[in-house]
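Chains as they are written, first to last, in the numbering used here: chain A, 28 to 212; chain B, 28 to 212; chain C, 28 to 212; chain D, 28 to 212; chain E, 28 to 212; chain F, 28 to 212.
Quick reminder that beta carbons are idealized off the backbone N, C-alpha and C, glycines included.
Protein chains: 6
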Amino acid sequence: MPVVSITLLPGYAPDTQHRLVNRVAQAVRSVIDTPEAGTTVFVNEVSTYRRDGKVFSEGRAAHPVASDVVRQFLQAMQARDMELAQTFLSPDFRMCFPGSVVMHALQDMTAWAAQRYARIGKDYQQFEESWQGDTTVVFCHGSLHGTWIDGSTFEGVRFIDRMEVRSGLITRQDVWNDLAEHRPA
Amino acid sequence: MPVVSITLLPGYAPDTQHRLVNRVAQAVRSVIDTPEAGTTVFVNEVSTYRRDGKVFSEGRAAHPVASDVVRQFLQAMQARDMELAQTFLSPDFRMCFPGSVVMHALQDMTAWAAQRYARIGKDYQQFEESWQGDTTVVFCHGSLHGTWIDGSTFEGVRFIDRMEVRSGLITRQDVWNDLAEHRPA
Amino acid sequence: MPVVSITLLPGYAPDTQHRLVNRVAQAVRSVIDTPEAGTTVFVNEVSTYRRDGKVFSEGRAAHPVASDVVRQFLQAMQARDMELAQTFLSPDFRMCFPGSVVMHALQDMTAWAAQRYARIGKDYQQFEESWQGDTTVVFCHGSLHGTWIDGSTFEGVRFIDRMEVRSGLITRQDVWNDLAEHRPA
Amino acid sequence: MPVVSITLLPGYAPDTQHRLVNRVAQAVRSVIDTPEAGTTVFVNEVSTYRRDGKVFSEGRAAHPVASDVVRQFLQAMQARDMELAQTFLSPDFRMCFPGSVVMHALQDMTAWAAQRYARIGKDYQQFEESWQGDTTVVFCHGSLHGTWIDGSTFEGVRFIDRMEVRSGLITRQDVWNDLAEHRPA
Amino acid sequence: MPVVSITLLPGYAPDTQHRLVNRVAQAVRSVIDTPEAGTTVFVNEVSTYRRDGKVFSEGRAAHPVASDVVRQFLQAMQARDMELAQTFLSPDFRMCFPGSVVMHALQDMTAWAAQRYARIGKDYQQFEESWQGDTTVVFCHGSLHGTWIDGSTFEGVRFIDRMEVRSGLITRQDVWNDLAEHRPA
Amino acid sequence: MPVVSITLLPGYAPDTQHRLVNRVAQAVRSVIDTPEAGTTVFVNEVSTYRRDGKVFSEGRAAHPVASDVVRQFLQAMQARDMELAQTFLSPDFRMCFPGSVVMHALQDMTAWAAQRYARIGKDYQQFEESWQGDTTVVFCHGSLHGTWIDGSTFEGVRFIDRMEVRSGLITRQDVWNDLAEHRPA
């Protein structure tokens, strides 16, 4: 039964408004056991808005979709376009790989990976977002396929990435996978 | 600047209403770049509500907090209280462990684990929820500590669990960890 | 898709609120081609209300249901309880019967009817209301059965009544029926 | 005192919105004893609307005014433009005339009428609508004038029509009148 | 915490809407001890509005800012542009000066002043408004400087004016000042 | 036509809510030329409210009525109850009397007055408030009556006080009057 009214200043793109009503509906339905049919959310644009002693005439910027940021980063990495990949990273970016290997620079990661496999690719099964205020955490899981250093191949190796996105930039990547279970002795 | 009004039938517990306004605020802030200070959410209880040709006088049930369900399940597992642990699982529960090991029954899992380590404990760093409508996915990550079969010990081994919760029951658990990176040869 | 919010002062009985949301939904659906599933109406009780320079703390009275008033009047007439029937009539009550026979007093009507049939009864098929602001017009149709002056009987004779109700009292009754089609020559 | 807010998607014509606020005000005033001066109804157009898991960007169609449909049908009948009259009828149209004469086709009705009078016209006193959800029932009453088969004339003969309108088409017409009271023996 | 929604017909200038949200916020904060940061006011323009049985499609006119009216009047007076000054006065204008001197015409006032000082000017410290429904009372205070009849000068003489403004015209001016404290004997 | 909805947490006394709707109506009517009959303001109490990342369950305190504070202070002064009068003053209280006499302590004022008149009383004609956010300015005007040092009396001497009230305490009093116009030479 909930009816949710979101009062906004005008100027948000239809896409942003759609994303907003969808996410708010999902947040509501995560709390209350109500079917989609009974969940109504709408955006009401107001013409003048005052808070904190100031009159606003235009809404705040919209965030990019965090899972899109992550997807674009991962595609750039797979295409080995390090320059593009770097644009999605926050200056204080930090990544952590299996074995608790912590790195900050993409080239370090590439060097480290080169010692472990000759080629690697990711098949994504799902991107999922956890909305936490200033930060959105994106999880993506799926399977890895590639070639070991010794030329043998692997596929169907489970992985999951956890990426923190803040103000549209990735601040942290944590990677888990089953490669060690499959690694040639 | 968004002001969000959630219209509900009366009868929801204060805790549920708090959870609701918090989650809706987080959903809104995941889309719009607005500070906490500019984000207002309130619950408006109405006295009579009609939709779909029916007049309702009482709100729907609230879901339990999905990450609480997961936490209670994991605690029961750690305490080896299989009976209690089972109460958190959906009849079609399915789990998947490193190496793509798929199981459905808790005792199968215990048997499988017994071949890999003598004892294991989890230190949880974070529980995170992804609200997806009928399903809430809970991610928790942290580190494992325990004793191998050979009596040697391990600690600080990274893990992440992904649990799907539906109608208050866990339908699926996926586990990734670095145990294979640390396993004695 | 319409969502209708009715802001009221507190104090209206649940029955009145149910009637209100149902009628408003019907009024909306008479204009917009929207299914019941997409029509939401709720009552929002406010705690303080000011209009026309006055602060109100209690809502206005509810009208009785106009078709109930009409039904009770017709039952009293059928039971020949003229005293009770009279209580449902406005001082300026006026009725009009087939042949444009206009009367103001119930006893005139009884006298007039006595010349036409010995006994009469009504089977109601439907009561329908037309909401017109200060006045609600109630239409009821169905069939008549009874006994003519000569002792022969009739049944299944179509009739329709149109009754104007104002402030809970009937101000006007117009009657049409097929008795003349069936009257013994 | 009621303040009624109707939340709609944009795109409804001003005429439709006027009709909507007028009818909702009448529905409200049929329940609560409030003067026009204390009855406020407004339409609030929202920019994005989500219900039942779908985002809508355009409102539903408006129904034609049911009493206009009836009026146009009756005018076409009076002008003996059967082709036009037929366009206002639902495929399952059914009419019922004094004496419980039931017909489905306009030509049957014309044939039936030809045996009763040579010419007939209607003076409408009032069209009244009863809003019942999927159906709006239109009542119109007034007086008939015309010429009998024998060439004698009549006028001031009371009639009332009850017409059911569904999705803009008339599904049922019931007619009552005093012709039998006036018919030459 | 208050969130105030002002529902208006469209057509009010942005300036008027800004004034409205600012004043309403001030009225609210004069009653409730809430900081600016917790006070939200917005204007919601609706597309169709019905009250008192009438459908409105355009909002009412805005009043001029009462303190602007007063300021313009006082400037015209200072510039000795009596014709312009007169345009800000209501036909029933009445002024009252120190010593309870009551006058109605500007020229009377000029004549009266000519007996008291040769020249006078006002430095305004503050204009303040008291909103009282049909009337807004404007207070302005500051200091006077000028030249007495005897050629000696004065400055820093405190004054306060109280002006009633109704429908954009000044109906009453009351003046207090310390001139008598400083007047040469 | 404005309809103003004030959303509050529950717990404000009816008196406070009445004051709130009255003042907001006056603020609105100071901007828009709308009659009382067309001005609707109501208070909507919500059950849960979140802003700035916090969930509130109780509204903020209400301010005392500023003109009541001033009235009580002036009454205490007139009754020469300095102790009581002092309780209405802010620690940084400052008063300014005709002739630009500035004082901070009530006893200084009493001493100063003793040199000017033997006894004084005030007849209040009107208390008026100017709502300015953190401060409410109260103006009161009327006439003075009393006895000069030489035993002669005066009455009908115009005065106006301007008092700044902040958080329920008077921070500043400015006084103008015509005493110098009437003072015995």
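What residues in its chain sit with their C-beta under 6 Å from that of phenylalanine 186(E), if we drop five residues either side in the sequence? In the fifth sequence, residue 186(E) corresponds to position 159, counting from 1. Exclusion of the five residues before and after phenylalanine 186(E) leaves Leu171, Asn204 as the residues of its chain whose Cβ lies within less than 6 Å of its Cβ.
Cβ distance (whole Å) where serine 117(B) is taken to contact threonine 198(B) below 8 Å: Indexing the second sequence from 1 puts residue 117(B) at position 90. Indexing the second sequence from 1 puts residue 198(B) at position 171. That pair is a contact at about 4 Å.
Within 8 Å of any Cβ in chain C, is that where the Cβ of glutamate 156(F) sits? Working through the sixth sequence from its first residue, we reach residue 156(F) at position 129. So, not an interface residue.
Sort out for me which residues DSSP pairs glutamine 153(D) with in a bridge. What you label residue 153(D) is simply residue 126 of the fourth sequence in a count that begins at 1. Paired residue(s): His168(D).
If we define contact as Cβ-Cβ less than 8 Å, is threonine 66(E) a contact residue for chain A? In the fifth sequence, the residue the question calls residue 66(E) occupies position 39. Output row for threonine 66(E): interface = yes.
C-beta contact flag for valine 96(F) and valine 68(F) at 8 Å: Numbered from 1 along the sixth sequence, position 69 holds the residue referred to as residue 96(F). Numbered from 1 along the sixth sequence, position 41 holds the residue referred to as residue 68(F). No.
Classify serine 194(B) as helix, strand or coil using the three-state DSSP reduction. One-based indexing of the second sequence puts residue 194(B) at position 167. When secondary structure is reduced to three states using DSSP, serine 194(B) falls in the coil class, being assigned neither helix nor strand.
Glycine 80(D) and leucine 35(D) closer than 8 Å at C-beta: For the purposes of this step, residue 80(D) is taken as the residue at position 53 of the fourth sequence. For the purposes of this step, residue 35(D) is taken as the residue at position 8 of the fourth sequence. No, the Cβ-Cβ distance between glycine 80(D) and leucine 35(D) is not below 8 Å.
Chain D within 8 Å of leucine 53(A), Cβ atoms only: Along the first sequence, one-based indexing puts residue 53(A) at 26. Leucine is not the amino acid found at residue 53(A); the sequence shown has glutamine there. Among the residues facing chain D, glutamine 53(A) is not included, as its CB has no counterpart in that chain under 8 Å away.
Short Cβ contact (8 Å threshold) for methionine 104(B) with alanine 112(B): Here the question's residue 104(B) lines up with position 77 in the second sequence. Here the question's residue 112(B) lines up with position 85 in the second sequence. In terms of Cβ geometry, methionine 104(B) and alanine 112(B) form a close pair [threshold 8 Å].
Out of Ala52(D), Glu63(D), Arg78(D), which has the shortest C-alpha to C-alpha gap to alanine 64(C)? The sequence position of residue 64(C) within the third sequence is 37, counting from 1. Alanine 64(C) has its Cα closest to that of Arg78(D), out of Ala52(D), Glu63(D), Arg78(D).
Just the Cα atoms here: how many angstroms apart are aspartate 119(C) and histidine 131(C)? As a position in the third sequence, residue 119(C) is number 92, starting the count at 1. As a position in the third sequence, residue 131(C) is number 104, starting the count at 1. Those two C-alpha atoms are separated by around 8 Å.
At which residues does the beta strand (DSSP E) containing arginine 121(E) begin and terminate? The residue you call residue 121(E) lines up with position 94 of the fifth sequence. Run containing arginine 121(E): 116 to 124, per the beta strand (DSSP E) assignment.
Quick check for students: name the residue ranges of the alpha helix (DSSP H) that lie wholly in the region 62 to 106 of chain E, counting only runs of 4 or more. Taken in chain order, the unbroken stretches of alpha helix (DSSP H) that lie wholly in the region 62 to 106 of chain E and span 4 residues or more are 93 to 105.
Taking 8 Å as the cut-off, decide whether the C-beta atoms of histidine 45(F) and valine 192(C) are in contact. Here the question's residue 45(F) lines up with position 18 in the sixth sequence. Here the question's residue 192(C) lines up with position 165 in the third sequence. It is not a contact, given that the beta carbons lie outside the stated cut-off.
Hey, would you say arginine 189(D) sits closer than 8 Å to phenylalanine 154(D), going by beta carbons? As a working note, residue 189(D) is residue 162 in the fourth sequence. As a working note, residue 154(D) is residue 127 in the fourth sequence. No, they are not a contact pair.
Secondary structure at glutamine 142(A), three-state DSSP: helix, strand or coil? As a working mapping, residue 142(A) is identified with position 115 in the first sequence. Reduced to three states, the DSSP call for glutamine 142(A) is coil.
For serine 32(A), three-class secondary structure by DSSP: Taking the first sequence and counting its residues from 1, one reaches residue 32(A) at position 5. Serine 32(A): strand per DSSP, three-state reduction.
Does the distance from the C-beta atom of glycine 160(E) to that of arginine 56(F) stay below 8 Å? Here residue 160(E) is taken as the residue at index 133 of the fifth sequence, counted from 1. Here residue 56(F) is taken as the residue at index 29 of the sixth sequence, counted from 1. Closer than 8 Å, so yes.
List, in chain order, every chain E residue whose beta-carbon is nearer than 9 Å to that of asparagine 49(D). Position 22 of the fourth sequence holds residue 49(D). What asparagine 49(D) touches in chain E: Arg77, Gly80, Val82.
Helix, strand or coil, according to DSSP, for glutamine 113(B) in the structure here? One-based indexing of the second sequence puts residue 113(B) at position 86. The answer is helix: DSSP assigns glutamine 113(B) an H, G or I state.
Going by CA-CA distance only, name the one from Leu206(B), Thr174(B), Leu196(B), Pro211(B) that's closest to phenylalanine 100(B). As a first step, residue 100(B) must be located in the second sequence, where it is residue number 73. Between phenylalanine 100(B) and the set Leu206(B), Thr174(B), Leu196(B), Pro211(B), the nearest pair of CA atoms involves Leu196(B).
What three-state label does DSSP hand aspartate 205(C) in the structure shown? Position 178 of the third sequence, counting from 1, holds the residue named residue 205(C). Aspartate 205(C): coil per DSSP, three-state reduction.
Member of Ala140(C), Thr43(C), Met28(C), His209(C) whose CA lies at the smallest distance from the CA of valine 128(D): Start at 1 with the first residue of the fourth sequence, and residue 128(D) comes out as number 101. When only C-alpha atoms are compared, the closest one is His209(C).
Serine 74(D) versus chain A: which residues are under 7 Å apart at the beta carbon? Position 47 of the fourth sequence, counting from 1, holds the residue named residue 74(D). Against chain A, the beta carbon of serine 74(D) has neighbours under 7 Å at Gln44, Val70, Glu72, listed in chain order.
Within chain D, the residues that valine 30(F) reaches when beta carbons sit closer than 9 Å: Position 3 of the sixth sequence, counted from the first residue, corresponds to residue 30(F). Close to valine 30(F), with beta-carbon spacing below 9 Å, are these residues of chain D in chain order: Val30, Ser32, Thr67, Phe69.
Does any CB atom of chain B fall closer than 8 Å to the CB of threonine 163(A)? As a working mapping, residue 163(A) is identified with position 136 in the first sequence. When Cβ-Cβ separations below 8 Å define contact, threonine 163(A) makes contact with chain B.
Please tell me whether glutamine 53(E) and alanine 54(F) are closer than 8 Å, where the distance is taken between their beta carbons. To locate residue 53(E), count along the fifth sequence from 1; it is residue 26. To locate residue 54(F), count along the sixth sequence from 1; it is residue 27. One thing to note: glutamine 53(E) has its Cβ within 8 Å of the Cβ of alanine 54(F).
Identity of the residue in Thr163(D), Lys149(D), Thr162(D) nearest leucine 206(D) by Cα: Stepping through the fourth sequence from its first residue, residue 206(D) is reached at position 179. Looking at the Cα atoms, Lys149(D) is the closest of the given residues.
Judging by CA-CA distance, which residue of Val70(B), Gly169(B), Val164(B) is the nearest neighbour of valine 92(B)? Mapped onto the second sequence, residue 92(B) falls at position 65. Of the candidates Val70(B), Gly169(B), Val164(B), the one whose C-alpha sits nearest the C-alpha of valine 92(B) is Val164(B).
Could you name the residues of chain F that phenylalanine 181(E) contacts, counting a contact when the two beta carbons are closer than 8 Å? Residue mapping note: residue 181(E) aligns to position 154 of the fifth sequence, counting from 1. Against phenylalanine 181(E), chain F offers no close residue; the least beta-carbon distance is about 12 Å (beta-carbon pairs closer than 8 Å).
Candidates Arg98(B), Phe124(B), Ile147(B), of which the one nearest phenylalanine 115(B) by Cα: On the second sequence, residue 115(B) is found 88 positions in, with the first residue counted as 1. Among Arg98(B), Phe124(B), Ile147(B), the Cα nearest to that of phenylalanine 115(B) is on Arg98(B).
List, in chain order, every chain D residue whose beta-carbon is nearer than 9 Å to that of leucine 35(C). Mapped onto the third sequence, residue 35(C) falls at position 8. Those are Met28, Pro29, Val30, Ile59, listed as they occur along chain D.
Going by beta carbon distance, what residues of the same chain come within less than 6 Å of valine 202(C), once the five residues before and after it are set aside? Here residue 202(C) refers to the residue found at position 175 of the third sequence. The residues are Phe124, Asp188.
Can we count asparagine 71(D) as close to the ligand ZN, meaning its CB is less than 7 Å from some heavy atom? With respect to small molecules bound, the structure shown includes none, and the ligand ZN cannot be examined in it.
DSSP three-state label for glutamine 200(E), please. The residue you call residue 200(E) lines up with position 173 of the fifth sequence. Reduced to three states, the DSSP call for glutamine 200(E) is strand.
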